[in-house]
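As structure tokens, the structure follows; a few thoughts come after it.
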Amino acid sequence: MEHIAAIMVLVGCMQGGTACREVPTPVVGFETVEECHELLSPSIEEVGKVFKGAYGQCAEVDPALFVEAATIEWRITPSRQLEVKVIADDSPYVVATRTDDKPKLRN
Numbered sequence: 177m178e179h180i181a182a183i184m185v186l187v188g189c190m191q192g193g194t195a196c197r198e199v200p201t202p203v204v205g206f207e208t209v210e211e212c213h214e215l216l217s218p219s220i221e222e223v224g225k226v227f228k229g230a231y232g233q234c235a236e237v238d239p240a241l242f243v244e245a246a247t248i249e250w251r252i253t254p255s256r257q258l259e260v261k262v263i264a265d266d267s268p269y270v271v272a273t274r275t276d277d278k279p280k281l282r283n
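Quick note on our numbering: the sequence shown kicks off at 177 and runs consecutively.
Structure follows, in structure tokens:
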């Protein structure tokens with residue numbers, strides 16, 4: 177099994193930081209954080225072609241989380257930065273959600 181050290185999260189917003197959604201990434205997991213950072217800027221540029229606001233972040237992850245369930249929380253800060261947290265979860269699903277009480281997306 178491949179060792180995963182980082183994930184990329186991309187978010188596109190239509191109206192400032194309010195109407196935002198997660199955007200599929202070109203690569204799901206990376207063996208190193210550096211590999212993720214190499215693709216981050218071009219990926220954000222591609223999101224910016226479709227959305228008024230484009231954000232991206234590489235988040236370090238515990239490789240065990242790819243075997244078990246995890247929650248990926250993200251939010252756009254008041255300073256217009258994307259914050260991402262990857263948290264171990266007991267649920268049987270991998271969850272991606274905004275942290276400002278918006279509905280959760282389940283895969």
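In this text, a Cβ means the ideal position worked out from N, Cα and C, and glycines have one as well.
On a predicted model such as this, the values are computed, not experimentally measured, just so you know.
Residue span of the alpha helix (DSSP H) that contains residue i, given as start and end
i           : result
residue 211 : 209-224
Residue burial classification, residue i (beta-carbon count within 10 angstroms, cutoff 16)
i           : result
residue 184 : buried
residue 263 : exposed
residue 182 : buried
residue 204 : exposed
residue 255 : exposed
residue 247 : buried
residue 195 : exposed
C-beta atoms of residue i and residue j nearer than 7 Å
i           : j           : result
residue 215 : residue 232 : no
residue 209 : residue 249 : no
Residue i: CB within 6 Å of a non-hydrogen atom of the ligand SAM
i           : result
residue 252 : Although the ligand SAM was asked about, the structure shown includes no ligands whatsoever.
Residue i - containing beta strand (DSSP E), residue span
i           : result
residue 182 : 182-189
residue 235 : 229-236
Chain D contact for residue i (CB, 7 Å cutoff)
i           : result
residue 212 : Given the protein chain composition of this structure (a single chain), no chain D is represented.
The region 216-233 in contact with the region 188-200 per 3-pair CB rule at 8 Å: yes
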